[in-house]
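Asks: Provided herewith is a single structure, encoded as structure tokens, for subsequent inquiry.
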Amino acid sequence: MTKQDSATSIVTGHQQDEASPLAKNFRARGVCSMKRKSQVVKIPRYTFEALAAYTALGEEIVGIMILLLLRMDSDRRVMLDINLLPSYLTIRRDRVDNSVALVIKKGWVHSVDQQAMRDGFLIGTVPSVFLDSDFETLIAFFNPLLPNTCKQI
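Those letters in the sequence shown? Residues 517 to 669, per the numbering used here, in order.
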């Protein structure tokens with residue numbers, strides 16, 4: 517698999533589809549029981565605007581969260597191959613690991629499958645705040661300690 521193929525598989529999920537050998541291997545070992553749905557999930561525009569406003573503080577975690585939102589199914593479940601992120605985001609592996617840990621710590625993904633994490637996959641659920649909240653609520657969710665100085669574009 518080339519770097520371009522790896523990058524494409526992160527966003528499109530081609531390597532993690534139900535029929536892929538990788539997904540079958542994980543299901544056989546009981547690591548991944550996530551069944552992806554091919555439905556379109558509508559994410560409000562202001563979700564991405566709020567993430568963009570947080571970029572200066574969040575750095576790589578914003579990129580990871582955008583990928584998770586793009587990969588989210590209709591049940592808000594996500595699956596991301598962490599091993600492909602360093603080449604996709606062009607950052608060092610230690611920064612990827614730190615960013616993934618922060619995404620979880622901040623509550624941007626919950627119900628994380630710990631066995632899958634040990635095998636290099638982030639599998640969890642995105643909180644409904646990313647779909648059901650307004651811009652100001654999202655900004656406060658990203659960083660509740662800062663005053664809300666960001667205005668919607």
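For every residue, glycine included, the Cβ atom is placed at its ideal position computed from N, Cα and C.
Fair warning: this is a prediction, and the values are worked out from it, not measured in the lab.
When burial is assigned at 16 or more other CB atoms within 10 Å of the CB, is S644 buried or exposed?
Replies: exposed
Asks: Answer with buried or exposed for R592, where buried requires no fewer than 16 other C-beta atoms within 10 angstroms of its C-beta.
Replies: Burial call: buried.
Asks: Could you tell me how far apart the beta carbons of L638 and L596 are, in whole angstroms, since I believe they sit closer than 8 Å?
Replies: Correct: roughly 5 Å between the Cβ atoms.
Asks: Let's see if you can read the secondary structure: which residues bound the alpha helix (DSSP H) around I458?
Replies: Given that the chain is displayed from residue 517 to residue 669, the structure contains no residue 458 and the question cannot be resolved.
Asks: Using three-state DSSP, classify T641 as helix, strand or coil.
Replies: strand
Asks: Could you tell me whether the Cβ atoms of I577 and V619 are closer together than 8 Å?
Replies: yes
Asks: Does R587 pass the burial test, meaning 16 or more other C-beta atoms within 10 Å, or should it be called exposed?
Replies: Note on R587: 16 or more other CB atoms within 10 angstroms of its CB, so buried under the neighbour-count rule.
Asks: How is R561 classed by DSSP in three states: helix, strand or coil?
Replies: helix
Asks: Which residues mark the beginning and the end of the beta strand (DSSP E) in which D613 is found?
Replies: Where D613 is concerned, there is no enclosing beta strand (DSSP E), although the alpha helix (DSSP H) it sits in stretches over 609-621.
Asks: Provide the residue span of the alpha helix (DSSP H) that contains R634, from first to last.
Replies: From DSSP, the alpha helix (DSSP H) with R634 extends over 630-634.
Asks: Specify, as a first and last residue, the run of the alpha helix (DSSP H) that L600 falls within.
Replies: From DSSP, L600 is part of no alpha helix (DSSP H); its letter is neither H nor E.
Asks: Are the Cβ atoms of V616 and I598 separated by less than 8 Å?
Replies: A distance below 8 Å separates the beta carbons of V616 and I598.
Asks: Tell me which same chain residues have a C-beta within less than 6 Å of the C-beta of R634, skipping the five on either side of it?
Replies: Excluding its 5 nearest sequence neighbours in each direction, R634 has no C-beta neighbour in its own chain below 6 Å.
Asks: With C-beta atoms as the reference, is V594 less than 8 Å away from G636?
Replies: no
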